[in-house]
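In my numbering, the protein residues as written are 3 to 758. Backbone N, C-alpha and C fix where the C-beta goes; we use that ideal spot for every residue, glycine too.
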């Protein structure tokens, strides 16, 4: 089986022996290939003349280097019209020596005037070049041998057809050169492969039986290069439309070349075109001739990969039932053929879709099976984190898997493992460790054989980093990171990740600013891409807006879904408790205890700290039990200071300071005795000075987030408290700061003093 074609998509292509039955056919000798041989012939004669007579004197290493680069590109690239070829050999980058150009043009004129004898002379000249070469196995030597063998097998009628086609090729090129200014012709053949030219290179004219633009080796090289670019650096690959045009040309020349259909399938995936993707996948495996399989194998050998790829395709488009049906077919065929690698790949996707965990093999016999088993480990660890397995067990298995991947130098699996580790730390609420893993991945040297790994894990990590920066109030850095992800992963399906992140970042910023309508619009814009996240964010927005009816509908819809993750369920329960508390219902504590059970069962440390924070707030506000609230806060404040978002840190610091003040205020030794009022006031003032840095830090965090309503809550609380304690100057200071902020950013009164 071949190497994984794209870590982004996870599609697999079995071994094709040089493209199937089509690979046994001889390449077609075209006029363009003939002209390339003419260039080599004239260069050889010029080089021999320079060695014997030292003339021309200016023919040096510079001209030899330029011609070698030109020749390499002409051999590797498909046929081009004579007009473009002429522009290439006269360009500043690949232009040949003037004497070389003069002799070449003279030979092209002789082709028309002398007749078919030029081809017979060329056949003898190729034989001499091959015999006189010191190394017949270099690129040019192999190219000449291929042309020589092809001409050996041609009959007179085929040679005559080739001659007439060559004359027509030359005449059309000369006429085009007379009509088009030479400066507008193609100057760099490299731009043809990169797709950066403004004008599209014309396809060469067809000449009956000799019409074939792509040779076997050229098509193999092109498909291998484009596949590698799609896998490692999609930005460098041709745009989808232009790539499909090139593939159509290859398919027209090689209708049975299966890898061309498979690359067309991957190209359709880039733009989310499921219809054409399915058609291309079926054609890929329809064109795979059974005669190309190894002897003594069934006709269905390796056809299980068709079902596997179809299952992956359906899974990525969210068609779970169709994916499960294709996986069952894949497993059945793979078991019949004894293909353990395909079987473990199918089990990987079965684990992701259904949580099924079949046993691993006792012994791994080859690298391909190791690759498949490593993917299974990663998938099972992801499922284990959602099933409440102890984090120590999950990371222990991950450590052994990463060690094995590093020993085998599997860069894609190592990077994918680090990306999964980043996601797992996020699930368990250790955001700083998650950020550390993300930085390790983004700053690692992921080059393998001079190619940079650029898989889906990189995109996930970039999006997670951008969202984390937003939640910390670093909005400018978040946009820089997100733009980098957009430029690095412009195509589907990675574009889905940064598109969701972009709208989610905007929704968070608008939520902090209290612009509910715009925040709701951002949620609706990515609802089709990620309904669960959009519904959760929409519930948060409507609850903050105090639209309790819509918030209740969104939260109820989330909690009634059995397929949501434990993290989403815990957050939805916290929002439900907020809704009940704002409506004055007494079951808010019960809902928080349900959320606490979920966080404990699935080891969601950060969500558990958020639950404790809400319980502490309700204990302080509704039950007037600051000591119990402070005890809870002491247990969770470290989580917020270490891994918390700026908003949660601000809320925790504000609440912690209030609890410390209320503990002093409700001290039974002095609070109930009116004679100790002065002492109580002094102790309150002293305690206020101790906790004032907490309040100022909370203000800074809220201001960084542009969350003006929370900043005003702190100002109101401090101004009121200073007024009670007789601290007139401090009261006036906080009242002034509140008035200035209110003047600049007005907030309706009903949105103040809300803990959400």
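{"query": "How big is the Cα-Cα spacing for residue 2 and residue 644?", "result": "Residue 2 cannot be examined here, being either before or after the span of the chain that is shown, 3 to 758."}
{"query": "Keeping to the same chain, check which residues put their C-beta closer than 8 Å to that of residue 110; ignore five residues upstream and five downstream.", "result": "37, 40, 172"}
{"query": "Determine the extent of the alpha helix (DSSP H) in which residue 709 is found, giving its start and end residues.", "result": "Where residue 709 is concerned, there is no enclosing alpha helix (DSSP H), given that its DSSP letter is neither H nor E."}
{"query": "By Cβ distance below 6 Å, which residues in the same chain neighbour residue 61 in space, the five residues on each side in sequence not counted?", "result": "52, 99"}
{"query": "Quick check: residue 234 and residue 494, are their CB atoms within less than 9 Å of each other?", "result": "no"}
{"query": "To the nearest whole angstrom, what separates the beta carbons of residue 693 and residue 659, a pair I think is in contact under 8 Å?", "result": "4 Å"}
{"query": "I want to know whether the region 340-356 touches the region 372-391 - three or more CB-CB distances under 8 Å.", "result": "yes"}
{"query": "Using C-beta distances below 6 Å, list every residue in its chain close to residue 704, excluding the 5 sequence neighbours before and after it, in chain order.", "result": "652, 712, 713"}
{"query": "Going by other Cβ atoms of all chains shown within 10 Å of its Cβ, with 16 needed for buried, is residue 730 buried or exposed?", "result": "exposed"}
{"query": "Beta carbon of residue 426, beta carbon of residue 393: below 9 Å?", "result": "yes"}
{"query": "So, are the CB atoms of residue 577 and residue 431 less than 9 Å apart?", "result": "no"}
{"query": "For residue 723, which of 477, 75, 697 has the nearest alpha-carbon?", "result": "697"}
{"query": "Please return the same chain residues whose Cβ sits closer than 6 Å to the Cβ of residue 127, not counting the five positions on each side in sequence.", "result": "43"}
{"query": "So what does DSSP say about residue 155, is it helix, strand or coil?", "result": "coil"}
{"query": "Kindly list the residues whose CB is nearer than 7 Å to the CB of residue 631, restricted to its own chain and excluding five residues on each side of it in sequence; keep chain order.", "result": "618, 621, 622, 661"}
{"query": "When DSSP labels each residue in this structure, what does residue 301 get in the three-state scheme?", "result": "Residue confidence for residue 301 is low, a pLDDT of 48 falling below 50, so the modelled location carries little weight; the figure read from the coordinates is stated next. DSSP places residue 301 in coil when its eight states are reduced to three."}
{"query": "Let me check understanding here. Comparing Cα to Cα, which of 442, 429, 398 lies closest to residue 418?", "result": "442"}
{"query": "Relative to the C-alpha of residue 273, which candidate in 232, 403, 322 has its C-alpha closest?", "result": "232"}
{"query": "Pop quiz: residue 376 and residue 335 are said to be a contact at Cβ under 8 Å. What is the actual Cβ separation, rounded to whole angstroms?", "result": "Actually they do not touch by this definition, with Cβ atoms about 23 Å apart."}
{"query": "Return the first residue and the last residue of the alpha helix (DSSP H) that residue 410 is part of.", "result": "Segment: none, residue 410 is in no alpha helix (DSSP H) and carries neither H nor E."}
{"query": "With DSSP as the reference, label residue 217 as helix, strand or coil.", "result": "coil"}
{"query": "Give the single residue among 709, 732, 649 whose Cα lies nearest to the Cα of residue 748.", "result": "709"}
{"query": "Under the rule that 16 or more other beta-carbon atoms within 10 Å means buried, what is residue 641, buried or exposed?", "result": "buried"}
{"query": "Quick one, which of 283, 463, 271, 255 has its alpha-carbon nearest residue 263's?", "result": "283"}
{"query": "Measuring straight from C-alpha to C-alpha, what distance separates residue 239 and residue 223?", "result": "14 Å"}
{"query": "Given this structure, state the Cα-to-Cα distance separating residue 280 from residue 230, to the nearest angstrom.", "result": "22 Å"}
{"query": "So, at 7 Å on beta carbons, what are the nonlocal neighbours of residue 527 in its own chain, with the 5 sequence-adjacent residues on each side left out?", "result": "505"}
{"query": "List the whole-angstrom C-beta distance separating residue 153 from residue 118, where the pair is believed to meet the contact cut-off of C-beta under 8 Å.", "result": "About 12 Å; that fails the 8 Å criterion."}
{"query": "If you measure between the beta carbons of residue 600 and residue 629, is that distance less than 9 Å?", "result": "no"}
{"query": "Following the continuous alpha helix (DSSP H) through residue 610, name the residue where it begins and the one where it ends.", "result": "607-623"}
{"query": "So is residue 201 buried or exposed if we call it buried at 16+ other beta carbons inside 10 Å?", "result": "Because the pLDDT at residue 201 is just 38, under 50, the model does not fix this residue reliably, and the value given afterwards should be weighed accordingly. Residue 201 comes out exposed."}
{"query": "Inspect the beta-carbon positions of residue 707 and residue 648 and report whether they are closer than 9 Å.", "result": "yes"}
{"query": "Among 130, 181, 125, which one has its Cα closest to the Cα of residue 761?", "result": "As shown, the chain starts at 3 and ends at 758. That puts residue 761 outside it, with no answer to give."}
{"query": "Looking at residue 546 and residue 753, is the spacing between their C-beta atoms short of 9 Å?", "result": "yes"}
{"query": "Just to confirm the assignment: which complete beta strand (DSSP E) runs, minimum length 3, are found wholly within the region 82-127?", "result": "none"}
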